[in-house]
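In terms of our numbering, the sequence shown opens at residue 1262 and continues consecutively.
Where is the CB? At the ideal position from N, CA and C, for every residue including glycine.
Data block below; observations after.
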Amino acid sequence: MSPTDFCILLVLIGALTIFSMTSRSHHKPPPGPLRLPIIGHLHMLGKLPHRTLYKLSQKYGPIMSLRLGSVPTIVVSSPDAAELFLKTHDAVFASRPKSQVADYLWYGTKDMIFTEYGAYWRNVKKFCTSELLSPPKIDSFAPRRKEELELLVNSLKKSARAGEVVDISKKVAHLTVDMTCKMLFGKIIDDSFKLNEIIHEMAEIMGACNIADFVPLLGALDLQGLTRQIKAISKAVDKILETIIDEHEQDAINGNNELHSDFVDVILSLKSSQRSTHEQLAQNIDRSNIKAILLDMIFGSIDTSQISIEWIMSELIRHPRVMKRLQKEIMPRANHLLAVPSLRFP
């Protein structure tokens, strides 16, 4: 840090200290530990914040108050209290907190995951559900999923015959990326874009503790270097999305998408014609909205699927008794799979 940056930091810290000492809340918050100026309780979280919060809840109760930098935070740790927040009053707490990473990567939170709860969120959810996530749509993608699964099974069988060590995590990652691309874009994306690596970087940086989210005045200094990383990832993501959209727009001009329309074709059609079923969304959508929504579908499909499959397989390997019980439950219901050539069991 240069001397100039250090002086600026000292001035900001002094100003924030005075502000935190003079500001007073008119509402009494739930109980919580004493906080430090500027950083509040950030220093208490450590590397395993979930364990820290559990220990604090044992002392201060199921609903406690923390202050993460300048952000007042309520921590709920009992089933009854969680039900009040997530079910009884869910609409009040439906919106996610603002964050720098969501603002950069999701084009000012124009997506479904990070946008504020309201009419736009409902319209995007309705569109994604009807055009991609409904049971009929999911069933229509079955041949594409089957094709990718057969490729995976054949690859595993080949490695088994050769006595090769298989990295299941990489195989699962490759499978989820290819499945997602075929469902959304109608084809597998070029490996040169390194989509899976970018999604992994996104997941890591989303889980990082970004000081800019909690002490905004310090965000401009980028003391952690996270802003620089976020901008680099954002640029790489935008390049992929622009390429995908450009290719589909060119196919539409050439008439190549008439027989095999995919999710990108459908969402692009909102710009050119106001479909009666999604008229409200069509009136408020532009290229950045389209890219943000596409990123939702890509990130949600790839990251969630990979993590779930890896954890499930890891737990089954660690607990052979559970694996045998699962096999016993599945096999009577999966006899028809024995007739599938690529899924024959030894």
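**Q.** Length of the line joining the Cα atoms of M1440 and I1554
**A.** 18 angstroms
**Q.** Bridge partner(s) assigned by DSSP for T1334
**A.** Bridge partners of T1334: L1327.
Q) Which value, in whole angstroms, describes the spacing of the CA atoms of K1387 and L1445? A) 17 angstroms
Q.
Can you find the residues in the same chain that come closer than 7 angstroms, C-beta to C-beta, to Q1567, ignoring five residues on each side of it along the sequence?
A. V1433, A1434 and T1437
Q | Contacts around M1282, its chain only, beta-carbon distance under 6 angstroms, and the 5 residues preceding and following it disregarded | A | Any answer about M1282 is weak, because its pLDDT of 48 lies below 50 and its placement is not dependable; what the coordinates show is given next. Excluding residues within five positions, none has a Cβ falling inside 6 angstroms.
Q) Where does G1301 sit, in a helix, a strand or coil, going by DSSP? A) Reduced to three states, the DSSP call for G1301 is strand.
Q | L1484 versus K1316: straight-line alpha-carbon distance, rounded | A | 30 angstroms
Q. With distances taken between CB atoms, is the gap from G1330 to L1297 smaller than 7 angstroms?
A. no
Q: Report yes if the C-beta distance between S1549 and K1359 is below 7 angstroms; otherwise report no.
A: No, Cβ-Cβ distance for S1549 and K1359 is not below 7 angstroms.
Q: Could you check what DSSP says for G1480 in three-state terms: helix, strand or coil?
A: helix
Q) Closest by CA to E1465, which one among Y1321, V1362, P1581 and P1290? A) Ranked by Cα distance from E1465, the options Y1321, V1362, P1581 and P1290 are led by V1362.
Q. Do N1384 and L1529 have their C-beta atoms closer together than 7 angstroms?
A. Taking the C-beta atoms as reference points, L1529 is found no nearer than 7 angstroms to N1384.
Q | Between the CA atoms of V1476 and S1318 - distance to the nearest angstrom | A | S1318 and V1476 have their C-alpha atoms spaced approximately 24 angstroms apart.
Q. In angstroms, rounded to a whole number, what distance separates the CA positions of I1450 and M1305?
A. I1450 and M1305 have their C-alpha atoms roughly 43 angstroms apart.
Q. If you draw a straight line from the alpha carbon of Y1381 to that of Y1368, how long is it in whole angstroms?
A. Rounded to whole angstroms, Y1381 to Y1368 spans 15 angstroms at the Cα level.
**Q.** Reduced DSSP secondary structure (H/G/I, E/B, other) of D1547
**A.** Correct three-state label for D1547: coil.
Q: Look at the Cβ atom of I1514, then the Cβ atom of F1454, and state whether they are nearer than 7 angstroms.
A: no
Q: Go through its chain and collect everything with a Cβ distance to P1290's Cβ below 6 angstroms, but skip five positions before and after it.
A: S1326
(Q) Once the 5 residues before and after I1505 are set aside, which same chain residues still bring their CB inside 8 angstroms of it? (A) F1446, I1450, V1525 and L1555
**Q.** Close Cβ partners of Q1490 (< 7 angstroms) along its chain, the five nearest in sequence each way excluded
**A.** I1466
Q.
Just to confirm the assignment: which complete alpha helix (DSSP H) runs, minimum length 4, are found wholly within the region 1450-1497?
A. 1456-1467, 1472-1475 and 1477-1480
Q: Would you mind stating whether A1493 and I1459 have Cβ atoms separated by less than 7 angstroms?
A: no
**Q.** Environment of G1275 [buried if 16+ CB atoms lie within 10 Å]
**A.** The predicted position of G1275 is uncertain, since its pLDDT is 46 and thus under 50; no value can be drawn from it.
Q | Nearest-angstrom Cα separation, counted from V1353 out to E1377 | A | 11 angstroms
Q: Measure the Cβ-Cβ separation of A1469 and G1480 and say whether it is below 7 angstroms.
A: no
Q.
Whole angstroms are fine: how far does the CA of P1323 sit from the CA of A1342?
A. So the two alpha carbons sit approximately 7 angstroms from each other.
Q: Quick one: residues in its chain with C-beta nearer than 7 angstroms to the C-beta of R1328, no 5 flanking neighbours on either side, listed in chain order?
A: R1296, G1301, H1302 and T1334
(Q) For a quick check, are the C-beta atoms of P1340 and Y1321 less than 7 angstroms apart? (A) Not a contact, by the Cβ cut-off of 7 angstroms.
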